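What follows is one structure encoded as structure tokens, with my remarks underneath.
Protein chains: 2
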Amino acid sequence: VLESEFHQWLKKKVPQSKGTLIGIGDDAAVLSSSNRMAVAADMLVEGVHFRPEEASPLEIGAKAVNRNFSDIAAMGLAPHWILVSAALPRGRPEAYIKGVVEGIIQAAERFDVGIIGGDTSRSPGGLVLDVTVLAKIEDLEPILRCGAQAGDRICVTGDLGGAGLGKHLRFAPRVNEGIFLNRNYSPSSMIDLSDGLALDLHRVLDASGKGAIIHGDRIPVSEAARALAKTSGKHPMEHALSDGEDFELLFTLPLEQADRLKKDREYHFSITEIGEVLADPKERTLLTGGSTSVLKRRGYDHQI
Amino acid sequence: VLESEFHQWLKKKVPQSKGTLIGIGDDAAVLSSSNRMAVAADMLVEGVHFRPEEASPLEIGAKAVNRNFSDIAAMGLAPHWILVSAALPRGRPEAYIKGVVEGIIQAAERFDVGIIGGDTSRSPGGLVLDVTVLAKIEDLEPILRCGAQAGDRICVTGDLGGAGLGKHLRFAPRVNEGIFLNRNYSPSSMIDLSDGLALDLHRVLDASGKGAIIHGDRIPVSEAARALAKTSGKHPMEHALSDGEDFELLFTLPLEQADRLKKDREYHFSITEIGEVLADPKERTLLTGGSTSVLKRRGYDHQI
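Sequence order for the protein chains is Z and R.
First residue of the first sequence? That's 1 in the working numbering, and the numbers climb one at a time after it.
First residue of the second sequence? That's 1001 in the working numbering, and the numbers climb one at a time after it.
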């Protein structure tokens, strides 16, 4: 089963729950008005999300936390608390386990986030870390996936592609960037790029009932994507479109705000406008070198 | 490393976090007054918390959820929302995975709890389920582990011991019982019995800085504990003291309330008074057949 198909089944199967404004299907769930909080959970599995030989214990702990922070960043919110559950392989050196904990603590402290609970268990298999993150909503409105409007400009932070070469272990979640955008602009939709630009953009468009045209030559291709392309036989842009684990933000903005953002000198991170939202949900077009093609629904869709 | 030692290290290592009334160390964390909620997480690992050959998919899903509900019950609260993360072994039949999901949904619906998020991943090892539960606090005060007073009576719900024979997969978490006690009485402390009466009682006494005397012959020994004793060579009471996974509630009550509870006909579940809280934290006594012994700190403490 593909994860995406399994999620479709789950979404139909799991009853819509009372007391939530937003349930399953966005980056985080949003609780009802008397308990305004956003909540998300993300699991990090050895051999799936990292190979033990390439990742240090500190990096593993940090990645488990930062993936969750990226989900909260994609709501335009700040994380406040986490719970961490860990299944720990027997026989792993104590220093290794403590290194993972250290990585968790350092990642949490970077955003002044409290570790308030969790669970530990032995694991007969590899290391599994599951982090649940809670975000107070306070004065900010959460930014959902479903609000993109025709005419909106499509923007991304940072550079894309080739994260598997190392960035997937060492990225900085775009928490401050998400909050900056939420405070000073009105993004009509936002998502974090965990499964690749192409697939995650499709998710925003599906949720919003819209189409899009993407200018391939405007996609900010990372150095890692270019390096990878030298041996993969793929075009660097292909890597930027579908590698996944960039943990950058993709968001849509009304045209006039996108123009204002370009002149804004208040922020010090890279934002690139890569396309436009279209009214027709069936139109998903990639424009490269003067010719158009269908923007494929490719990216990291796990076999489960 | 023993889990208990690892937790001691963790508790010192993890900074006490702002915005929580109760952090790591109780059954659930309690968030600060502007977001009055209790939160807990519990992981269920194949080969550790169940053997695949003895547990049906429905039972596995239900156990993952009910263990968490038991933690919330131990605060005297009701669960409201869960997030479920699942690492799913490749090659497990689709019907098996869907059975697990069904078990999760049924257990949640029993207490009208909404499933609001989570994550799925492939697992190179066995099945791992991590559930995070959120409880609104509303008009009830959470019952902590640390409030036992000298002279309080020590009570347990249900029968204890031998849960490994089947109850650990099929228990009903004591949510309604915990709320009944919280609404109508003032338990000075409460915990759910997950690692065995003896060990969990020590946790309450440690947190409260108190001692206790337990009347061994009053401990409600289950049929399963008696059955197990026939082949284990242990006394049935030994099983009741240290088997773990009973998922019953242990609580302490002022004497006059314990007396009132005995005459109360409003509840239809079994409660047994098994001992008394003592002022001296070093006195942890088990009284059996007219002789006393030290109440050992035995129970289910994982090697991790």
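Quick reminder that beta carbons are idealized off the backbone N, C-alpha and C, glycines included.
Keep in mind that this is a model prediction, so the values were computed, not measured.
Express the C-alpha separation of Gly1164(R) and Leu1228(R) in angstroms, rounding to a whole number.
-> Looking at the backbone, the Cα of Leu1228(R) and that of Gly1164(R) are separated by about 9 Å.
Which residues in the same chain as Glu223(Z) place their Cβ atom closer than 8 Å to its Cβ, once the five residues preceding and following it in sequence are excluded?
-> Asp159 and Gly162
Would you tell me roughly how many angstroms separate the C-alpha atoms of Ala207(Z) and Glu1141(R), rounded to the nearest one?
-> 40 Å
Just how far apart, CA to CA, sit Ile1304(R) and Ser121(Z)?
-> Low per-residue confidence applies at Ile1304(R): pLDDT is 48, beneath 50, and the placement is therefore not dependable, though the value from the model is reported in the following sentence. Each residue's Cα considered, the two are about 7 Å apart.
Around the Cβ of Arg90(Z), are there at least 16 other Cβ atoms within 10 angstroms (buried) or fewer (exposed)?
-> exposed
Option nearest Ile1179(R) by Cα separation, candidates Tyr1267(R), Glu1003(R) and Leu1010(R) | Nearest option by C-alpha distance: Tyr1267(R).
Identify which residue in Ala73(Z), Ala87(Z), Met237(Z) and Val30(Z) has its Cα closest to the Cα of Phe251(Z).
-> Considering only alpha carbons, the answer is Ala73(Z).
Could you check which residue in Ala28(Z), His7(Z), Asn182(Z) and His215(Z) has the C-alpha nearest to that of Ala198(Z)?
-> His215(Z)
Can you list the residues of chain Z that Ile1105(R) reaches, using a CB-CB cut of under 8 Å?
-> Lys13, Val14 and Pro15
Closer than 7 Å by C-beta to Thr1157(R): which residues in its own chain qualify, once you throw out the five before and the five after it? Chain order, please.
-> Arg1174, Glu1177, Glu1248, Leu1249, Phe1269, Ser1270 and Ile1271
With a cut-off of 8 Å, does the C-beta of Phe312(Z) fall near any C-beta of chain R?
-> Because chain Z in this structure spans residues 1 to 304, residue 312(Z) falls outside the shown range and cannot be described.
Determine the chain Z residues that contact Thr1132(R) at a beta-carbon separation under 7 Å, and present them in chain order.
-> Residues of chain Z passing the Cβ test: Ala41, Leu83 and Thr132.
Which residues of chain R have a Cβ atom closer than 7 Å to the Cβ of Gly151(Z), listed in chain order?
-> Residues of chain R with a Cβ closer than 7 Å to the Cβ of Gly151(Z) do not exist; the shortest Cβ-Cβ separation is about 31 Å.
Look up Ile304(Z) in the DSSP assignment and say whether it is helix, strand or coil.
-> With a pLDDT of 48 at Ile304(Z), under the threshold of 50, the modelled position of that residue is not reliable, and the figure given next carries that caveat. Looking at Ile304(Z) - three-state DSSP - the assignment turns out to be coil, as it is neither helix nor strand.
Excluding the 5 residues preceding and the 5 following Leu144(Z) in the sequence, name in chain order all residues of the same chain whose CB lies nearer than 6 Å to its CB.
-> Asp26
Residues near Ala1108(R) by beta carbon distance below 8 Å, same chain, minus five either side = Val1065, Ile1082, Gly1114 and Ile1115
Is the beta carbon of Ala1029(R) less than 8 Å from the beta carbon of Val1014(R)?
-> no
Within-8 Å CB hit, Ser121(Z) to chain R = yes
Neighbouring residues, chain R, relative to Lys136(Z) (Cβ below 7 Å) | Neighbours of Lys136(Z) on chain R, chain order: Asn1035.
Is the Cβ of Ala87(Z) closer than 8 Å to any Cβ of chain R?
-> Output row for Ala87(Z): interface = yes.
Could you tell me the distance, in whole angstroms, from the CA atom of Ala95(Z) to the CA atom of Ser1004(R)?
-> If you take the alpha carbons of Ala95(Z) and Ser1004(R), they lie about 17 Å apart.
Give a yes or no on whether the minimum CB-CB distance between Leu10(Z) and chain R is below 8 Å.
-> yes
Within the same chain, show all residues whose beta-carbon is closer than 8 Å to that of Gln1305(R), passing over the 5 residues directly before and after it, in chain order.
-> Outside the modelled stretch of chain R, which goes from 1001 to 1304, sits residue 1305(R), for which no answer is possible.
Host beta strand (DSSP E) of Met1075(R) (start-end) = Looking at the DSSP string, Met1075(R) is not in any beta strand (DSSP E), and its letter there is neither H nor E.
What is the C-beta distance between Thr285(Z) and Val277(Z), in whole angstroms, given that I count them as a contact (C-beta under 8 Å)?
-> Actually they are not in contact, since the Cβ atoms of Thr285(Z) and Val277(Z) sit about 12 Å apart, beyond 8 Å.
For Met37(Z), which of Gln257(Z), Pro79(Z) and Gly151(Z) has the nearest alpha-carbon?
-> In terms of CA proximity to Met37(Z), Pro79(Z) leads the group Gln257(Z), Pro79(Z) and Gly151(Z).
Where does Ser1291(R) land, buried or exposed, given buried means 16+ other C-beta within 10 angstroms?
-> exposed
Rounded to a whole number of angstroms, what is the C-alpha to C-alpha distance between Ala1172(R) and Asn1068(R)?
-> 12 Å
Just the chain R side, please: which residues come within less than 7 Å of Glu3(Z) by C-beta, in chain order?
-> Correct list: Thr1120.
How about Gly1196(R): is its C-beta nearer than 8 Å to some C-beta of chain Z?
-> Taking Cβ atoms only, chain Z never reaches closer than 8 Å to Gly1196(R), which makes this a no.
Contact under 8 Å by Cβ, Ser189(Z) with Gly147(Z) | In this structure, Gly147(Z) lies closer than 8 Å to Ser189(Z) by Cβ.
Drop a sphere of 10 angstroms on the beta-carbon of Lys1282(R), count the other beta-carbons inside from all chains shown, and report buried for 16 or more, exposed for fewer.
-> By the 10 Å Cβ count, Lys1282(R) comes out exposed.
In angstroms with no decimal places, state the Cα-to-Cα distance between Asn184(Z) and Leu88(Z).
-> 43 Å
Cut-off 6 Å between Cβ atoms - residues of its own chain near Leu1169(R), not counting five sequence neighbours on either side | Ala1055, Glu1059 and Lys1063, listed in sequence order.
Pick helix, strand or coil for Ile1137(R), following the three-state DSSP scheme.
-> Three-state result, Ile1137(R): coil.
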